[in-house]
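Peer 1:
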Amino acid sequence: DAGVTQSPTHLIKTRGQQVTLRCSPKSGHDTVSWYQQALGQGPQFIFQYYEEEERQRGNFPDRFSGHQFPNYSSELNVNALLLGDSALYLCASSLAGGLGYTFGSGTRLTVV
Amino acid sequence: GENVEQHPSTLSVQEGDSAVIKCTYSDSASNYFPWYKQELGKRPQLIIDIRSNVGEKKDQRIAVTLNKTAKHFSLHITETQPEDSAVYFCAASPKAAGNKLTFGGGTRVLVKP
Chain A
-7 DAGVTQSPTH LIKTRGQQVT LRCSPKSGHD TVSWYQQALG QGPQFIFQYY
43 EEEERQRGNF PDRFSGHQFP NYSSELNVNA LLLGDSALYL CASSLAGGLG
93 YTFGSGTRLT VV
Chain B
718 GENVEQHPST LSVQEGDSAV IKCTYSDSAS NYFPWYKQEL GKRPQLIIDI
768 RSNVGEKKDQ RIAVTLNKTA KHFSLHITET QPEDSAVYFC AASPKAAGNK
818 LTFGGGTRVL VKP
């Protein structure tokens, strides 16, 4: 049973560039949430997608956007990258009405 | 919004001793409290969770207690082993089913053999 898969695993970008991160949820899950985890800190909620719509959003600027596809996979896009966007980006999937999350291994983004 | 504080930030224990991590939350609407273990370079993994209609839950060497009145919950690990060394995160959510989690800042646990 495939868990949550994220790609790429590591990424280095330059300030001002744009990046797209991808997530495939665990089989049977229909909801995808994205978190940013800065070094030494707890994950911070970015947003959540269900039925191809953004359902909830955390305290992140509009530079962070997302998408969910009909097969439940999701993308996280970040525009105009800042040095402070360097972090581990975690995707978590869940089943609407179910319990808990399954996290992916994350994408380590470094902005230079 | 919800705010979760976690203490201590680091915890060093001797193998076989117990470890306790405490969290407080601010939103009385929160009713789901999971704990995650994150080993270096790996994904957070759910180790135990509790709902607000339950005061305590155990799973082998791990237990979680919840005090709704005081808005705090704790993780207890007994008979610690070196493989328990990791960063532990508490979290709170106003809804168990796929709603957003607010995480604490994490506790780095080191179990010394």
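Just so you know, the sequences run in chain order A and B.
Counting with the numbering used here, you get residues -7 to 104 for the letters of the first sequence.
Counting with the numbering used here, you get residues 718 to 830 for the letters of the second sequence.
Glycine is no exception: its CB is placed at the ideal position from the N, C-alpha and C atoms.
Taking the DSSP output, what are the residues bridged to Pro811(B)?
Peer 2: Position 94 of the second sequence holds residue 811(B). Paired residues: none, contrary to the question.
Peer 1: With DSSP run on the structure shown, which of helix, strand or coil describes Pro751(B)?
Peer 2: For the purposes of this step, residue 751(B) is taken as residue 34 along the second sequence, with counting starting at 1. Looking at Pro751(B) - three-state DSSP - the assignment turns out to be strand.
Peer 1: Can you name the residues that DSSP bridges to Leu80(A)?
Peer 2: Here residue 80(A) corresponds to residue number 88 of the first sequence, with the count starting at 1. Looking at the DSSP assignment, Leu80(A) forms a beta bridge with Gln29(A), Arg100(A).
Peer 1: Could you name the residues of chain A that Gly822(B) contacts, counting a contact when the two beta carbons are closer than 8 Å?
Peer 2: Against the second sequence, residue 822(B) aligns to sequence position 105. Per Cβ cutoff of 8 Å: Gln33, Gly34.
Peer 1: Please go through the same chain and pick out, in chain order, the residues whose beta-carbon is closer than 6 Å to the beta-carbon of Ala809(B), but skip the five residues on each side of it.
Peer 2: The count along the second sequence starts at 1 and reaches residue 809(B) at position 92. Counting only Cβ-Cβ distances below 6 Å, and skipping sequence neighbours, we find Glu719, Val721, Tyr742, Ser747, Phe750, Thr819.
Peer 1: Please list, in chain order, the residues of the region 739 to 767 of chain B that have any C-beta partner in chain A closer than 7 Å.
Peer 2: Listed by position along the chain: Pro751, Lys759, Arg760, Pro761, Leu763, Asp766.
Peer 1: In this structure, how does DSSP classify Glu773(B) when only helix, strand and coil are distinguished?
Peer 2: Taking the first residue of the second sequence as position 1, residue 773(B) is located at position 56. Glu773(B): strand per DSSP, three-state reduction.
Peer 1: Taking its Cβ as the centre, do 16 or more other Cβ atoms sit within 10 Å of Ile4(A), making it buried, or is it exposed?
Peer 2: Translated into positions along the first sequence, residue 4(A) becomes position 12. Result: exposed.
Peer 1: Which one of Gly89(A), Trp26(A), Cys83(A), Leu75(A) has the shortest CA to CA distance from Gln9(A)?
Peer 2: Here residue 9(A) refers to the residue found at position 17 of the first sequence. Nearest option by C-alpha distance: Leu75(A).
Peer 1: Taking 7 Å as the threshold (beta carbon to beta carbon), is Gln60(A) in contact with chain B?
Peer 2: Start at 1 with the first residue of the first sequence, and residue 60(A) comes out as number 68. Not an interface residue.
Peer 1: Which residue comes first and which comes last in the beta strand (DSSP E) that contains Thr12(A)?
Peer 2: Walking along the first sequence from the start, residue 12(A) turns up at place 20. Note, Thr12(A): beta strand (DSSP E), 11 to 16.
Peer 1: Evaluate the contact criterion for the region 751 to 761 of chain B versus the region 726 to 736 of chain B: three or more CB pairs, one atom per stretch, below 8 Å.
Peer 2: The region 751 to 761 of chain B is not in contact with the region 726 to 736 of chain B.
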